[in-house]
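Chemist:
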Amino acid sequence: MKILVINAGSSSIKYQLLDMEKGNPLASGVVERIGEDMGNLTHKAYPGTADENKSTFEKPFPTHKEGMHEVVALLTDSEKGVIKDRSEIAGIGHRIVHGGEYFFKPTLVDNEMLEKLRKTIPLAPLHNPGHIIGIEVAMELFPGVKQVCVFDTSFHQTMEPKAYQYGIPYELYEELGVRRYGFHGTSHKYVAREASKVLGKPLEECNLVTVHLGNGASLSAVKNGKCIDTSMGLTPLGGIIMGTRCGDIDPAILGYIADQKGWDLKKTLNVLTHESGLKGICGSNDLRDIHKRREEGDERAQLAFDMAVHRCRQFIGAYFFELGEVDAVIFTAGIGENDPDYRAGTMEGLEKFGIKMDADKNANWNRQPSAVSADDSPVKVLVIATNEELEIANDTVAVLNE
Ligand code: ADP
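For the sequence shown, the positions run -12 to 389 when this note's numbering is used.
#1: Classify L159: buried if its beta carbon has 16 or more other beta carbons within 10 angstroms, exposed otherwise.
#2: Closer than 6 angstroms from C-beta to any heavy atom of the ligand ADP: which residues, in chain order?
#3: Quick check on DSSP: helix, strand or coil for H85?
#4: Rounded C-beta distance between I371 and E181? I'm assuming under 8 angstroms.
#5: Can P356 and L337 be called in contact, C-beta distance under 8 angstroms?
#6: N202 to M7, Cα distance in whole Å?
#7: Could you tell me if the beta carbon of H199 falls within a distance shorter than 7 angstroms of some heavy atom in the ligand FMN?
#8: For H143 versus T217, is the C-beta spacing smaller than 8 angstroms?
#9: Looking only at C-alpha atoms, which of E286, K339 and K248 sits nearest to L265?
#10: Does the Cβ-Cβ distance between G220 and R298 come in under 8 angstroms?
#11: Excluding the 5 residues flanking G230 on each side, which residues of the same chain have their C-beta closer than 6 angstroms to its C-beta?
#12: On the DSSP letters alone, give me the boundaries of the alpha helix (DSSP H) that T260 sits inside.
#13: N391: which of R82, A291 and P238 sits nearest, CA to CA?
#14: Measure from the alpha carbon of Q152 to the alpha carbon of each residue in K184, V209 and E88, then state which is nearest.
#15: Using 8 angstroms as the Cβ pair cut-off and three pairs as the minimum, do the segment 43 to 53 and the segment 12 to 24 touch?
#16: From the DSSP output, in three-state form, read off H199 for me.
#17: Around the Cβ of E375, are there at least 16 other Cβ atoms within 10 angstroms (buried) or fewer (exposed)?
#18: In chain order, what residues of the same chain lie with their CB nearer than 6 angstroms to the CB of N(-6), ignoring the 5 residues before and after it?
#19: Using a 10 Å radius around the Cβ and a threshold of 16 neighbouring Cβ atoms, would you call I268 buried or exposed?
#20: Whole-angstrom Cβ separation of F124 and K52, contact assumed at under 8 angstroms?
#21: Identify the continuous alpha helix (DSSP H) that holds V296 and give its terminal residues.
#22: Return the CA-CA distance between I303 and M55, expressed in angstroms with no decimal places.
#23: Where DSSP assigns a beta bridge to M344, which residues make up the other side?
#24: How many Å lie between K67 and L(-9) at the Cα?
#25: Could you pull the start and end residues of the alpha helix (DSSP H) that D276 belongs to?
#26: Return the bridge partner residues of D216 from the DSSP annotation.
#27: Check whether the Cβ atoms of G80 and V135 lie closer than 8 angstroms to each other.
#28: Return helix, strand or coil for H30, following the three-state DSSP convention.
#29: From I379 to D246, what does the alpha carbon distance come to, in whole angstroms?
#30: Thinking C-beta only, is V178 closer than 8 angstroms to T319?
#31: Please work out which residues of its chain come closer than 6 angstroms, Cβ to Cβ, to E335, disregarding the five sequence neighbours upstream and downstream, and give them in chain order.
#32: How many Å lie between L224 and N257 at the Cα?
#33: Measure the alpha-carbon distance for K248 versus T255 and round it to whole angstroms.
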């Protein structure tokens, strides 16, 4: 069975075609700058080995439709295509950033569903309109093929009101849906399930802290397999310090900066989203660069790293109290998988809380889901490479089989 996973943005479409028997991608790529004078498409097909057939070319894509047409042409190309015909695609899984309170599980697309999805647009005005266009184009290009939406927010819908409500007038929740939703749910869910396999325990019996550290970053507290708290909020701007996003700050800072600088709300939020976090402190949002500069004695780079680790520890500590008992802390995504220093800094000096790292294992993690804590560490520290596309494809298959 072959499943196409689509992540459509306002001017881009990321895609991956997966062979579900093998759990492997057959092809993946991205169409960028849709609607601009010149667009860009990068396509990779790897029937045997990774990068077997990578091509990038420029071409205008006036709308998402032309972009998707090109993707289908590449997938079914008589020479280099990975499938003979688009009819080989059994289902399409769409990554959707925000499902509001409407969607708490992967959901089959139909008219009623799309109507609800449109109601979530004010909650994710930068993402959900693009996702909806992606669904509409896919429905047109693949008539009769079932489409499934998989939401970044749905894993967190198991949180109780005490965890998701903000201390603001209740009417603002009722009228506008202002509450904590959480994001990266597909990744948190995927690594939680993989962790239960490593721990040799059913997921329903696992208490976990999942730490997704990419350019965007968030943590979740998972009790008996269900999310009970998460660090991101109404939007993906909240929580820990990220590459360019500030994370949680005193909300009054927003008004103070805007007043003093004479900026409007849009400009202020733009700075907090794109010019803050690690980049705001030291000018770089890439930890590889930050580590290099730390080694050269760059104090700002050191400060940025220390701040990020400090804030991440605060959340992990809070989640330990919420969970009461923890089986494992799991690191994933670009930083979580590749940065032993970040992991070591976050987990340092916590032996009294049951965390004992193995420096050697931490420095030499081999990309397999495994522990980087000492064998006798009561709480395991695991590193698990996330695979959001596979999780979306699995969710899609599950809905198709319902
Ligand atoms: P996204 O959230 O965009 O999917 P990723 O999960 O790919 O991002 O994470 C990207 C980040 O991972 C980079 O900005 C960088 O900080 C970090 N990263 C990638 N490789 C390494 C590495 N070898 N060492 C430290 N950090 C790394």
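All C-beta atoms in this analysis are idealised placements derived from N, C-alpha and C, irrespective of residue type, glycine included.
Just so we're clear, the structure is a prediction, and the values are computed from it rather than from any experiment.
Modeler: With the structure as the only source:
#1: exposed
#2: Ordered along the chain, residues surrounding the ligand ADP are G201, N202, G203, G230, N272, D273, L274, R275, A320, G321, I322, N325 and D326 [Cβ under 6 angstroms from any heavy atom].
#3: coil
#4: 5 angstroms
#5: no
#6: 28 angstroms
#7: This structure lacks the ligand FMN; the ligands present are the ligand ADP.
#8: yes
#9: E286
#10: no
#11: Its chain contains N202, G264, L265 and N272 as the residues whose beta carbon lies nearer than 6 angstroms to that of G230, once the 5 sequence neighbours on both sides are disregarded; these appear in chain order.
#12: Counting along the chain, T260 sits inside the alpha helix (DSSP H) bounded by residues L252 to H261.
#13: The structure shown does not extend to residue 391, since the chain is modelled only from -12 through 389, so no value can be given for it.
#14: E88
#15: yes
#16: strand
#17: buried
#18: K1 and R82
#19: Result: buried.
#20: Checking the sequence, you will find Val at residue 124 rather than Phe. Their Cβ separation, rounded to whole angstroms, is 5 angstroms, which keeps V124 and K52 in contact under 8 angstroms.
#21: E286 to L310
#22: If I take the Cα positions, the gap works out to 41 angstroms.
#23: S360
#24: 18 angstroms
#25: First-last of the alpha helix (DSSP H) with D276: L274 to E282.
#26: A208
#27: yes
#28: strand
#29: 43 angstroms
#30: yes
#31: none
#32: 11 angstroms
#33: 9 angstroms
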